[in-house]
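Add 353 to a position in the sequence shown, counting from 1, and you land on the number used in the numbering used here. Notes follow the structure.
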Amino acid sequence: MVLSGVPASAHADSDAYESTRSVENQTVRILGHWQRGKGEAIIEISDRDGVYSGVIVWSQKRPETVGIEVFRDLRYSSEDQEWHGRAFSIKREREVPVDVRILEKDHLELTAHILFFTKDVDFRRVPSSKLAALRATRDF
Numbered sequence: 354m355v356l357s358g359v360p361a362s363a364h365a366d367s368d369a370y371e372s373t374r375s376v377e378n379q380t381v382r383i384l385g386h387w388q389r390g391k392g393e394a395i396i397e398i399s400d401r402d403g404v405y406s407g408v409i410v411w412s413q414k415r416p417e418t419v420g421i422e423v424f425r426d427l428r429y430s431s432e433d434q435e436w437h438g439r440a441f442s443i444k445r446e447r448e449v450p451v452d453v454r455i456l457e458k459d460h461l462e463l464t465a466h467i468l469f470f471t472k473d474v475d476f477r478r479v480p481s482s483k484l485a486a487l488r489a490t491r492d493f
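Take a look at the structure:
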């Protein structure tokens, strides 16, 4: 089959390429340091063999939480353009399913599914320079 003078297989290849680029773009956008509110813990989201996780790398209020993995098994779904995985609530000491959306370059929204309710939480990207300055103010 030919569409607009281009074989259908070329369109399929193009769609697959665009889908791959979309996933790669979302991957780049989720990686980095994120903070909820001011003074809250900073979480670093990183890639481990295609599965993404988030670990607390700085916390002034609760330094004993540094090193705890709070986002687990985040995987991108190109179908609904969201990340799906689990989040560990330190306060409640349990994991809950979460959906993550990158709303803007520096704005991430996490929806936690707690029993029959959902809770939306906003995170902002933390520049590396800010994290370095915060770390310099504390003894590690």
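Backbone N, C-alpha and C define an ideal beta-carbon position, used for all residues, glycine too. These numbers were taken from a predicted model, which means no experiment stands behind them.
Whole-number beta carbon distance between residue j and residue i, since they are thought to touch under 8 Å
{"i": "Ile395", "j": "Leu484", "result": "6 Å"}
{"i": "Ser439", "j": "Asp426", "result": "Per the sequence shown, the amino acid found at residue 439 is Arg instead of Ser. With 8 Å as the limit, Arg439 and Asp426 qualify as a contact, their Cβ atoms being about 6 Å apart."}
{"i": "Val404", "j": "Arg428", "result": "6 Å"}
{"i": "Val408", "j": "Gly390", "result": "Contact doesn't hold; Cβ gap of about 18 Å is too wide."}
Short Cβ contact (7 Å threshold) for residue i with residue j
{"i": "Glu422", "j": "Ser399", "result": "no"}
{"i": "Val479", "j": "Gln413", "result": "no"}
{"i": "His460", "j": "Val449", "result": "no"}
{"i": "Glu393", "j": "Val410", "result": "no"}
{"i": "Glu432", "j": "Asp452", "result": "no"}
{"i": "Thr471", "j": "Ile443", "result": "no"}
Min CB distance residue i to chain B below 7 Å
{"i": "Lys414", "result": "Structure shown: chain B not included; a single protein chain is present."}
In DSSP terms, what residue i is bridged to
{"i": "Thr471", "result": "His466"}
{"i": "Val453", "result": "Trp436, Leu463"}
{"i": "Gln388", "result": "Ile395, Arg477"}
{"i": "Asp426", "result": "Answer is none; Asp426 lacks a bridge partner."}
{"i": "Val404", "result": "Arg401"}
{"i": "Ser409", "result": "Residue identity differs from the one stated: residue 409 is Ile in this sequence, not Ser. Looking at the DSSP assignment, Ile409 forms a beta bridge with Ile396."}
{"i": "Glu446", "result": "The partner list for Glu446 (beta bridge, DSSP) is empty, contrary to what the question assumes."}
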